[in-house]
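For reference, the structure discussed in these notes is given below.
Chains as they are written, first to last, in my numbering: chain A, 408 to 777; chain B, 8 to 307; chain C, 7 to 429.
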């Protein structure tokens, strides 16, 4: 057995050194959850990176060099993310597209910071990542939690004129973050949240929570979390013939939500970046995914597509892979992406990604307010 | 009162699903004293097979109850086949090994099966078609209990009764009980142990598949990870009721379902699972072998 | 000539027929999930028949290999041969102090030079592996020695990690004072868990400990005011090293040596514990509770010390974990983690220190090196766990039972020690 391990280890070393042989290339690290329960949020980004890189390489690469992808699975676990970060750094990665989850991102960020590597996440929304100023090398193509929560609350109180709001979340990093901000904003506006509850993601059903929402007399529900649980709650509510308004976030403003929840999705509100899926670039990106992978792209696909484009174009414009040069290029240039024309502010949040409220009407998200 | 009833029926549905999966755990445990961690994965594979079969069959123009029954049947057959194969590959060679070895093998199997479905199918959530329409006669009470919930509860009831009768009266059932009591003695009496164990896995897996199909039909979506949490909860239910006992598994499932439902309804869903596991610890302190489990006397 | 070849042909034919059967069975089994890829949203179906062909072709030769290995295992040929080979080698090394010390010295040099020989990534994953060695050895006290199946070991790990993180966050406490505090708190939790489960046995104990682990995680997730909830605690300080301002790489090396020393300490303590009065009481308890009580061993105290001491190591490692990642959140402390630690103990060989070390190396380094397989990583990992168990049910390293010999001049103490060293 020991011998087998030795051979295996040896073989792996050979493999790794083989991968590291491609010296004259720009290395794009793509860490994220590619297995485990959160794989559905990580794999679409890996796909996006691959498609963008293939495209760019076909057009001659970046700074005249080919781009290679170093794809690593962190399972969204902080401890694995830290290892993955070190691995990417020791493989001399130039820029990193990731990580997917905020927790994993935080765990790996110090490692990238010490090595002067720029990272850009398509999906880590935790406010502190940019606002705290601890991570100058962090950029993202998704908006932070508080921006969405503010929009949700304002929309509910001012446009929909509801008074009783229940706040539900999925206990996750992302969902609970949004829900807490929403709760705070509701109180700030002088209204009273009637319920604040976390549900267990992956539970077989949510009928008890639905009953509780019904009993609380809430006119609207603000839900922080992702679409699978949202679909279960929404269909549960509709099947019980409740007409409570359901307002949710970016994690729900996803075509998959409408398809999974079907007719029950009608009337659901969700906030999200201004819809660009009809823009020619986004249409092309989605088509490309369908052609290569034979399926609709999943969560954060366009964000990752945009992030990969921004990172690689910034390297190209900077003409180097140095930290300061890329950061400068990201902050001063505007990039054409499937999310529209975007740039980045001092803290690393994207500029140019506007926000809007959408409602599902006839099986499609339609913009109803900004 | 309505609120109470709603929570009660919600808990009943959830508990019935736990019970269906717990039956498989308890049967396998009763016979070979193995916590079959891959059992939750069988449930997931059942749901996936049903989805695949239903989609394929609906393209052929099938719909309504015929589709549900046919897709369900295919799912049961396939889950049973998976259960049978897993036993042959991962547990049978370990029958004489120390007690923890098959457990680790089961954990490995569970990881393997999850990733197998993830790679062969998709990591995304898939929408599960609604295979049965709402029954008209349920209309007046539909705010309390829905048709799909009634279907789940009824199926669990029927399956449990049938299983109990099977174990009590059939030849194979008797052989199973004999094997559970004393394997060596059963062997001496001419019972084919290997066959008994295979049949146990087949029945347990089939029941899990039924659970998988019904719950997917009820909540309308599945992905490769649904088996894990359901499996752990069902295992909890089986232990709560007294592992190895068929009525115990059902009782344990129902109690667990109600605890979660009422804890969410009257306290907070934040701590739903804390209540579930807290109750488990509490009951086991007073009845260390579960509610209906028989405590065995130790002998030196 | 003919008479000889006929049975051979017949046997070969039956073998081929069997493999054909198996491969057909697997093709049937994997048919819906591998071949039919539905898209229920678009209501379309992809048929991927090629996959079926591949499965058939792959299973056919594999079934020969499987049967051959099974036969070898059943006849005991392979296993025993290997065992005796292992045993002989072990005895030889033990018998010859020179070889023994030489081997130890080589190992020590290699281990000490490791972070300087390999990249910091290699060092990082080695730190992870060593952390799991400690976790495995800690759990080995509970599961391997005392025979109490614990599926919630990760709870104590979480207690250790959160102790350091919170003490550091609120009071700026450093790594060194937090290390014993974290371990102490974990031990207290171990005793708290131990009390209600004293009466439980076997799998009932397993599920209660599993529940306990989940409860701790859920509390950390939900009780924001205390634990900052799912967003976790960031910016935990790294271990203090005489006030020196270390770079990330140097920190990694430093941490490596901290963990190495802790592992050495763990091995020393566990080894001594096993031969101590309490250690023998644990083993007695594992073998037979009733007989053990009849011999006058206090069951309550023995069980509680097992839980407490097991938890202590988890607490230590928890502190190291928080210092290593500098960020923790409840996502790191799921049931799967407990399952992996338990697998380390069983896979490596229960009750054997070297076994646990090998188990940790295999289970923690394997997924890292399997990164070359990218998406198939966890698939291969799961399959390897099953295969190792099926073909080496006693674990990779088979623990040597302690022998005490009487009626000889050689002192039994020394014999026991030597056996322990080899195990």
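Just so you know, even glycine gets a beta-carbon here, dropped at the ideal spot from N, CA and C. In this text, all values refer to a predicted model and were calculated from it rather than measured experimentally.
Under a Cβ-count criterion, where at least 16 other Cβ atoms within 10 Å of its own Cβ denotes burial, should residue 67 of chain C be classed as buried or exposed?
exposed
According to DSSP, residues forming a beta bridge with residue 52 of chain C
C:43
Alpha carbon to alpha carbon, what distance is there between residue 124 of chain B and residue 118 of chain B?
10 Å
If we cut at 7 Å on Cβ distances, does residue 193 of chain C have a partner in chain A?
no
Just to confirm before moving on: does the CB-CB distance between residue 242 of chain C and residue 171 of chain C stay below 7 Å?
yes
When burial is assigned at 16 or more other CB atoms within 10 Å of the CB, is residue 30 of chain C buried or exposed?
exposed
Could you check where the alpha helix (DSSP H) with residue 190 of chain B kicks off and where it finishes?
190-195
Neighbour list for residue 651 of chain A in chain B, Cβ cutoff strictly below 8 Å
The contacting residues do not exist; residue 651 of chain A stays about 14 Å from chain B at best.
Taking the continuous beta strand (DSSP E) assigned at residue 631 of chain A, which residues delimit it?
627-631
When we look at the beta-carbon of residue 186 of chain C and count the other beta-carbons within 10 Å, is it buried (16 or more) or exposed?
exposed
Check residue 91 of chain B in the structure and name its three-state DSSP category.
helix
Return the CA-CA distance between residue 85 of chain C and residue 255 of chain B, expressed in angstroms with no decimal places.
Residue confidence for residue 85 of chain C is low, a pLDDT of 46 falling below 50, so the modelled location carries little weight; the figure read from the coordinates is stated next. Straight-line Cα distance between these residues: approximately 41 Å.
For the putative contact between residue 745 of chain A and residue 686 of chain A, defined by C-beta atoms under 8 Å, what is the C-beta separation to the nearest angstrom?
7 Å
Under 7 Å, Cβ to Cβ, is there at least one residue of chain D near residue 606 of chain A?
Absent here is chain D; the protein component of the structure consists of chains A, B and C.
Indicate the three-state DSSP secondary structure (helix, strand or coil) for residue 480 of chain A in the structure shown.
strand
Where the alpha helix (DSSP H) through residue 675 of chain A begins and ends:
No alpha helix (DSSP H) contains residue 675 of chain A, which DSSP labels as neither H nor E.
Decide if the stretch 682-702 of chain A is in contact with the stretch 638-649 of chain A; the criterion is three or more beta carbon pairs, one per stretch, under 8 Å apart.
no
Figure out for me which residue from C:127, C:73, C:72 and C:43 has the closest Cα to the Cα of residue 256 of chain C.
C:127
Figure out for me which residue from A:601, A:607 and A:657 has the closest Cα to the Cα of residue 571 of chain A.
A:601
Return the chain-ordered list of same chain residues with a C-beta closer than 7 Å to the C-beta of residue 200 of chain B, the five sequence neighbours on each side being excluded.
186, 190, 193 and 194
Rounded separation between residue 386 of chain C and residue 593 of chain A - CA only
49 Å
Going by C-alpha to C-alpha distance, which of B:67, B:45 and B:141 sits closest to residue 215 of chain B?
B:45
Counting only C-beta atoms, is residue 163 of chain B closer than 7 Å to chain A at any point?
no
Based on the DSSP secondary-structure assignment, which residues constitute the bridge partners of residue 573 of chain A?
A:602 and A:628
Run through the DSSP bridge pairs and tell me what residue 766 of chain A is partnered with.
A:676 and A:773
Consult DSSP for residue 228 of chain B and reduce its assignment to one of helix, strand or coil.
strand
Backbone secondary structure at residue 429 of chain A - three-state DSSP
Annotation note: pLDDT 46 at residue 429 of chain A (below 50); position unreliable, coordinate value reported separately. Of the three classes helix, strand and coil, the one that applies to residue 429 of chain A here is coil, per DSSP.
Any beta carbon of chain A sitting closer than 7 Å to that of residue 183 of chain C?
no
Check each residue of the stretch 574-589 of chain A: if its Cβ is closer than 7 Å to any Cβ of chain C, include it; give the result in chain order.
578, 579, 580, 583 and 584
At least three beta-carbon pairs within less than 8 Å, the stretch 686-700 of chain A to the stretch 663-670 of chain A
no
Should residue 767 of chain A be labelled buried (16 or more other beta-carbon atoms within 10 Å of its own) or exposed?
buried
Any C-beta of chain B sitting closer than 7 Å to the C-beta of residue 428 of chain A?
The predicted model places residue 428 of chain A with a pLDDT of 44, which falls under 50 and marks its position as unreliable; any figure quoted below should be read in that light. No, no contact with chain B.
Let me check one thing: in DSSP terms, what residues is residue 526 of chain A bridge-paired to?
A:503 and A:545
Own chain partners of residue 216 of chain C with C-beta closer than 6 Å, once the 5 adjacent residues on each side are dropped
157 and 158
Chain B beta carbons: is any one of them nearer than 7 Å to that of residue 83 of chain C?
For residue 83 of chain C, the predicted structure reports a pLDDT of 49, less than 50, and the residue's modelled location is therefore unreliable. A value from the coordinates is still provided. By this cut-off, residue 83 of chain C is not an interface position.
Is residue 174 of chain C buried or exposed, if buried means 16 or more other CB atoms sit within 10 Å of its CB?
buried
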